[in-house]
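Chains as they are written, first to last, in our numbering: chain A, 423 to 635; chain B, 570 to 683.
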């Protein structure tokens, strides 16, 4: 006998396992993103090693080749600051989710707005870094380090940009007469999952690209 | 029969102050990471940095993404994907770094031959 799908309190349907189907879908999507970023990080590590071995700069870290010292192009203090900004955006996002789930709409809206501002600030740091690298002669076609670095961090930045737009759409919808509807908690929580994922990817990128020599 | 619905608007148990405290903890770990990256701890440096990064990763996934409080299926979905991603990274690094040694040697010989 066929059963009608169960409906969660927020109005969304659940899967037969009891989990809300949109949330499960988002987790599956994030799982596929793990594979995507895992491949990009592996590719970066492979080619970073090759660039240093082949001696074609600019280089990510300080190296001495045939007695000539080359300074590393990565600016760790600057990136640490942008990492802090992105970490704080995760805090404001989780507060927005808390607000949405506890019918504290002002808290939710402020949280979403703060997260967007912090996300845009992070993107500003990234644009500044890319421009600085450009001035120092590193671009997508300079060497394999440039190619893999810009592709990896560029894709991450694109994800941040998409996240800002996603949160912006949530914030705009929250000002409508009916707000985000009965599903407010679910909508914001699922958006939060995406945003936190962008943060955890950066946690890995920051360590692997910038901190590990 | 379908299982009972898991309410989306459930309370996950943490208060805003606790979230702020977790945020402060994450900031502290980032500062420690920076210190480790400049400290020149030798062979301990990379494992320590990876360990600290893994803690931050786990805290965000467990508490901010609520995986610790959610249905176990979600943890399984994410853990399976993450394991595959880590395996892909290890396999790619192993493949390329072993092949790379030959290619670099050949490149240097080619340069030396003029």
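In this text, a Cβ means the ideal position worked out from N, Cα and C, and glycines have one as well.
None of the values given here were measured: they were computed from a predicted structure.
Cβ neighbours of residue i in the same chain (closer than 7 Å, five flanking residues each side left out)
i              : result
residue 456(A) : none
residue 534(A) : 518, 589, 592 and 593
residue 580(A) : none
residue 562(A) : 568, 569 and 572
residue 585(A) : 541, 616, 617 and 620
residue 571(B) : Residue placement at residue 571(B) cannot be trusted, given a pLDDT of 39 that sits under 50; what the coordinates show is reported in the next sentence. Taken in chain order, the list of residues that qualify is empty.
residue 601(B) : 621
Member of the options whose CA lies at the smallest distance from the CA of residue i
i              : options                           : result
residue 574(A) : 552(A), 610(A), 509(A) and 592(A) : 552(A)
residue 508(A) : 619(A), 466(A) and 471(A)         : 619(A)
residue 642(B) : 524(A), 450(A) and 489(A)         : 450(A)
residue 495(A) : 473(A), 516(A), 617(A) and 558(A) : 558(A)
residue 560(A) : 473(A), 630(A) and 527(A)         : 473(A)
residue 627(B) : 616(A), 622(A) and 548(A)         : 622(A)
residue 461(A) : 656(B), 646(B), 681(B) and 666(B) : 656(B)
residue 630(B) : 614(A), 634(A), 630(A) and 628(A) : 614(A)
residue 480(A) : 632(A), 564(A) and 610(A)         : 564(A)
residue 590(B) : 505(A), 445(A) and 514(A)         : 514(A)
residue 510(A) : 621(B), 611(B), 625(B) and 616(B) : 625(B)
Limits of the alpha helix (DSSP H) - the one that residue i falls within
i              : result
residue 612(B) : Element bounds for residue 612(B): n/a, residue is neither H nor E.
residue 573(A) : 566 to 596
residue 440(A) : Per DSSP, residue 440(A) belongs to no alpha helix (DSSP H) and is neither H nor E.
residue 511(A) : 498 to 523
residue 627(A) : 606 to 627
residue 551(A) : 527 to 557
Integer-rounded CB distance, given that residue j should sit under 8 Å from residue i
i              : j              : result
residue 538(A) : residue 601(A) : Wrong, their Cβ atoms sit about 18 Å apart, outside the cutoff.
Continuous beta strand (DSSP E) stretch holding residue i: start and end
i              : result
residue 486(A) : 485 to 487
residue 491(A) : 490 to 492
Close beta carbons around residue i, own chain, < 8 Å, minus the five adjacent residues each side
i              : result
residue 577(B) : At residue 577(B), the pLDDT of 44 sits below 50, so the modelled position is not reliable; the number obtained from the coordinates is stated separately. Closer than 8 Å at the Cβ level, and outside the excluded window around residue 577(B), lies no residue.
residue 606(B) : 614 and 618
residue 477(A) : 487 and 488
Close Cβ partners of residue i (< 6 Å) along its chain, the five nearest in sequence each way excluded
i              : result
residue 466(A) : 570 and 574
residue 548(A) : 579
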